[in-house]
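Taking it in order: structure first as structure tokens, then the write-up.
Numbering (our numbering), first residue to last: 631 to 1176.
In structure tokens:
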């Protein structure tokens, strides 16, 4: 019998050390992002920014290590639906992998991502935090786990919508559980809106609502795409009996998973979706079978109220896209700095530097746009009409463009890693799969681009945007030639947007929305460069020009 030839120790050592693949696991994703920290003082009160820095540093370490490990495990072990016990009793239970549950505890309890905008006491801060704080933390968390950020965002958005439009008794009944930091006691939120015949066309909603003999509102119908379907509470659009067709006949309802006596409400999860991405997080189909629900606000105003929740989710989509792009860019930069080809580091090759520069521009502009939108929303919530108009147009703009750019940036990062990037052992493939969903939920790119045009046409948002751009350019104090270049570009972007909003066709909507996004983000980055401390100011101004 032939025995295998033994390799010498020297040969084995040579094989081990020949060309190790650069692995960035364990990096602190807060510390390796030089442009992030300086923005905190621009968009947050100084004392809050300083308070958050240690928490962001800790989350950055977790996101680059333990959370990344959990996210990969959860992606490989998606949730399963169990509809019956072995004895035949209805169960309707979604079984989640322990890795996903640990991610949930980190997001909801340790960092209070769904609660920190609605209550004090989160992360040791006595008051509710502004949106910019929430998005700064989410921006880091999503670099490890994208799917869970959907339920977190929906819980936050549901809480906001309930507080704005709900009956005070309804709010006081459910708000404590929605904002609890006790993972075992809290209620998660969801949004059940899409139907087979009513996706983007919300006015075609067929789910029926009626009052029974006891005065309870009941819902009947099928909801086709429901993320986080086992949430404790969900916002649902339905049409009361006798209501007019279209969106004006819809009412918003709050649907509890369990009734007051602890028994399950009258709806079933029919199945879970087998998705390309966000595989860690359950999405399913719901059948409402006379489910008890509570009206939120006035009957017939449901679409307007749900729009508030959708817009909040759209902004969350923007920060998730920015986070995905940053993680992809971080990985690509690490590979380029540590991988050699043709006797040179990849980052020293001209085409590679160009590719990385484009990825960096798209990533940085998305993050700046998110913080600008969060500030506009803060002003709007404080009753500032100019802030409301600004938030109205910035929100669909960031959803439209940042989510599309995320698909490109994550794909390019996969290419930078080469063949290894195509292997599921590395995180690149998961980033690519997850990134594609951003351009689908809460409105496809076409729908959102048309919403930008609607905001211009009906709500005088373009004039508000122009005043915003002019103020930022004035405060940026740019050199005369660069100032003139920005002003000329804005004039062209405004002209195209005005034409697109008035045109009977839709052919210019996407081009016009992209033009506004690029100009506004470039202006914001120039404004940030003027105010940022440290060596990053010149870098941001250069990126703004690119």
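All residues carry an ideal CB built from backbone N, CA and C; glycine is no exception.
Since we're looking at a predicted model, the values are computed, not measured.
Local Cβ density within 10 Å of residue 680, reported as buried at 16 or more and exposed below that: Answer is exposed; the Cβ neighbour count stays below 16.
Per-residue DSSP class, three states only, for residue 898: Here residue 898 sits in strand by DSSP.
Burial state of residue 831 (16 or more Cβ within 10 Å): For residue 831, the number of other beta carbons within 10 angstroms of its own is below 16, and it is reported as exposed.
Exposed unless 16 or more other CB atoms sit within 10 angstroms - verdict on residue 631: Caution applies to residue 631, whose pLDDT of 48 falls short of 50 and renders its modelled position unreliable; the value that the coordinates give is listed next. Residue 631 sits exposed, since fewer than 16 C-beta atoms from the chains shown fall within 10 Å of its C-beta.
Continuous beta strand (DSSP E) stretch holding residue 924: start and end: Start and end: 913-925.
Distance between residue 853 and residue 821 (C-alpha atoms, nearest Å): Between the alpha carbons of residue 821 and residue 853 lies a gap of roughly 10 Å.
Check whether residue 899 and residue 916 have beta carbons under 8 Å apart: By the CB criterion at 8 Å, residue 899 and residue 916 fall inside the cutoff.
Nearest-angstrom Cβ-Cβ length linking residue 958 and residue 893, presumed shorter than 8 Å: Beta-carbon to beta-carbon, residue 958 and residue 893 are separated by about 46 Å, too far to satisfy the 8 Å threshold.
Assigned secondary structure, residue 830 (DSSP; H/G/I helix, E/B strand, else coil): The answer is coil: DSSP assigns residue 830 none of H, G, I, E or B.
Whole-number beta carbon distance between residue 946 and residue 783, since they are thought to touch under 8 Å: Indeed they touch by this definition, with Cβ atoms about 4 Å apart.
Buried or exposed by the 16-neighbour rule on C-beta atoms within 10 Å, applied to residue 654: Of the residues assessed, residue 654 falls on the buried side of the cut-off, its CB having 16 or more other CB atoms within 10 angstroms.
Span separating the alpha-carbon of residue 1175 from that of residue 908: Answer to the nearest angstrom: the Cα atoms are 35 Å apart.
Sequence-distant residues of its chain with Cβ nearer than 6 Å to residue 1087 (five each side left out): 1131, listed in sequence order.
Residue 825 in three-state terms, based on DSSP: Collapsing the DSSP output to three states places residue 825 in a strand.
Residue 937 (DSSP reduced to helix, strand or coil): Of the three classes helix, strand and coil, the one that applies to residue 937 here is helix, per DSSP.
Own chain residues within Cβ distance below 6 Å of residue 1180, not counting five before or after: Residue 1180 lies beyond the range of the chain shown here (631 to 1176); nothing can be said about it.
Beta-carbon proximity of residue 707 to residue 691, cut-off 8 Å: Note that the C-beta distance between residue 707 and residue 691 is not below 8 Å.
DSSP state of residue 1151 mapped onto helix, strand, coil: Helix.
Per-residue burial, residue 1023 [other beta carbons within 10 Å of its own, 16 or more giving buried]: Under this definition residue 1023 is a buried residue.
Among 773, 1145, 723, the one whose alpha carbon lies nearest that of residue 656: Of 773, 1145, 723, the residue nearest in Cα terms is 773.
Bridge-paired residues (DSSP) for residue 787: Answer by DSSP bridge pairing: none, since residue 787 is not bridged.
Cβ-based burial, residue 972 [other Cβ within 10 Å; buried from 16]: Exposed.
Backbone secondary structure at residue 1132 - three-state DSSP: Helix.
Per DSSP, the bridge partner or partners of residue 863: Beta-bridge annotation (DSSP): residue 863 is paired with 819, 886.
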